[in-house]
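I have placed the structure first, in the form of structure tokens, so that the comments after it can refer back to it.
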Amino acid sequence: MLKGKVAIVTGSTSGIGLGIATALAAEGCAVMLNGFGQSEAIEALRTRLAKEHGVGVAYSPADMSKPTQIRELVDDGVRQFGGIDILVNNAGIQHVAKVVDFPEERWDAIIAINLSAAFHASKAALPHMVAKKWGRIINIGSAHGLVASEAKAAYVTAKHGLVGFTKVVALETANQGVTCNAICPGWVLTPLVQDQIKARAASEGIAVHQASDDLLREKQPMLEFSTPEQIGALTVFLCGEAARTITGAALSIDGGWVAQ
Ligand code: NAD
Numbered sequence: 108m109l110k111g112k113v114a115i116v117t118g119s120t121s122g123i124g125l126g127i128a129t130a131l132a133a134e135g136c137a138v139m140l141n142g143f144g145q146s147e148a149i150e151a152l153r154t155r156l157a158k159e160h161g162v163g164v165a166y167s168p169a170d171m172s173k174p175t176q177i178r179e180l181v182d183d184g185v186r187q188f189g190g191i192d193i194l195v196n197n198a199g200i201q202h203v204a205k206v207v208d209f210p211e212e213r214w215d216a217i218i219a220i221n222l223s224a225a226f227h228a229s230k231a232a233l234p235h236m237v238a239k240k241w242g243r244i245i246n247i248g249s250a251h252g253l254v255a256s257e258a259k260a261a262y263v264t265a266k267h268g269l270v271g272f273t274k275v276v277a278l279e280t281a282n283q284g285v286t287c288n289a290i291c292p293g294w295v296l297t298p299l300v301q302d303q304i305k306a307r308a309a310s311e312g313i314a315v316h317q318a319s320d321d322l323l324r325e326k327q328p329m330l331e332f333s334t335p336e337q338i339g340a341l342t343v344f345l346c347g348e349a350a351r352t353i354t355g356a357a358l359s360i361d362g363g364w365v366a367q
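The sequence shown begins at 108 in our numbering and counts up one residue at a time.
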């Protein structure tokens, strides 16, 4: 369906970003991977995706906290694949602490990676999309872009900001063939959440599976994690013709989290 399109997925060496990159490659997109990890594992991932789906797959180690490197990531994608049609702003980190205990450098890093990176990448990618009169920007928000939880000030602030940014880009590009939407997942079992489950198990002296059940029960009425594959499928839908007039939306995929 997306044969010949070019996608950049930030933070795609793991978790949700990897699910999205895989789903886009399966639809025929050339993909620029990005994120941290061991170089052999990333190279194995790059060659596997290219071989399995018969598409071009490249990798950029750009650090999403660094505006210059973000611009280079987009330029790299354009240089290697001749353009950029789909930008998925997905890279993200978390830190859990009450405001009074929140380390300043963690606040700055979360705002930079989870929020400002989407601005820098969109600013660099949009002229290429507008020139072709076709583009899709998909920002990976969160249930925490719509409602809050305590001890996640930086993350909740960044994700609410990302939902606002999504709406502005949607308005500015409404008649230019470009759509911009946010996907707002609830719990997805990725390394980012596994770390929170382990920390909870340790602090409460309970088993990891118990901490995982408690985490779901606390927020997500449907007591089931969403999967990176489901987020990938929703991303593909947003890139397709049926979603042509969906723009500026924050789409929940959260087992009922924000319905409460
Ligand atoms: P993850 O930790 O599995 O993956 C994060 C990815 O971002 C990795 O590839 C990592 O290398 C990359 N990354 C981190 N810092 C980076 C940086 N400075 N520069 C470039 N890449 C960087 O986490 P995930 O759960 O897959 O999270 C992906 C996105 O989904 C995040 O924006 C997160 O906030 C969002 N999200 C996750 C959940 C969940 O339950 N897992 C829920 C809602 C939203």
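Quick reminder that beta carbons are idealized off the backbone N, C-alpha and C, glycines included.
Following the continuous alpha helix (DSSP H) through residue i, name the residue where it begins and the one where it ends.
i: C346; result: P335 to C346
i: P168; result: No alpha helix (DSSP H) holds P168; DSSP gives it neither H nor E.
i: P174; result: P174 to F188
i: M329; result: Run containing M329: none; DSSP gives neither H nor E here.
i: I360; result: Run containing I360: none in the alpha helix (DSSP H); it sits in the beta strand (DSSP E), A357 to I360.
i: T352; result: Premise fails: T352 is in no alpha helix (DSSP H) and is neither H nor E.
i: V275; result: A260 to E279
Spatial neighbours of residue i within its chain, please: CB distance less than 8 Å, with the 5 preceding and 5 following residues excluded, ordered by chain position.
i: L322; result: W294, V300, Q303, I304 and R307
i: P210; result: H202 and A204
i: R153; result: L140, V164, A165 and Y166
Would you call residue i buried or exposed, if buried means 16 or more other Cβ atoms sit within 10 Å of its Cβ?
i: S167; result: buried
i: M236; result: buried
i: H316; result: exposed
i: K266; result: buried
i: D215; result: exposed
i: M108; result: exposed
i: K110; result: exposed
i: T129; result: buried
i: Q443; result: Residue 443 lies beyond the range of the chain shown here (108 to 367); nothing can be said about it.
To the nearest angstrom, report how far apart residue i and residue j are at their CA atoms.
i: I313; j: R324; result: 15 Å
i: G190; j: K239; result: 9 Å
i: C287; j: V207; result: 35 Å
i: T342; j: V116; result: 11 Å
i: V162; j: E311; result: 46 Å
Apart from the five residues on each side of it in sequence, which residues of its chain come closer than 6 Å, Cβ to Cβ, to residue i?
i: A114; result: L131, C136, V138 and I193
Starting from the C-beta of residue i, find all residues in its chain whose C-beta is less than 7 Å away, skip the five residues before and the five after it, and write them out in chain order.
i: T354; result: A277, A281, T286, C287 and N288
i: A133; result: H160
i: G248; result: K266, L269, V270, A289, I290, C291 and A357
Looking at the unbroken beta strand (DSSP E) that takes in residue i, where does it start and where does it end?
i: M139; result: A137 to N141
i: G248; result: It is not in any beta strand (DSSP E) - G248 carries neither H nor E in the DSSP assignment.
i: T286; result: V285 to P292
i: I193; result: I193 to N196
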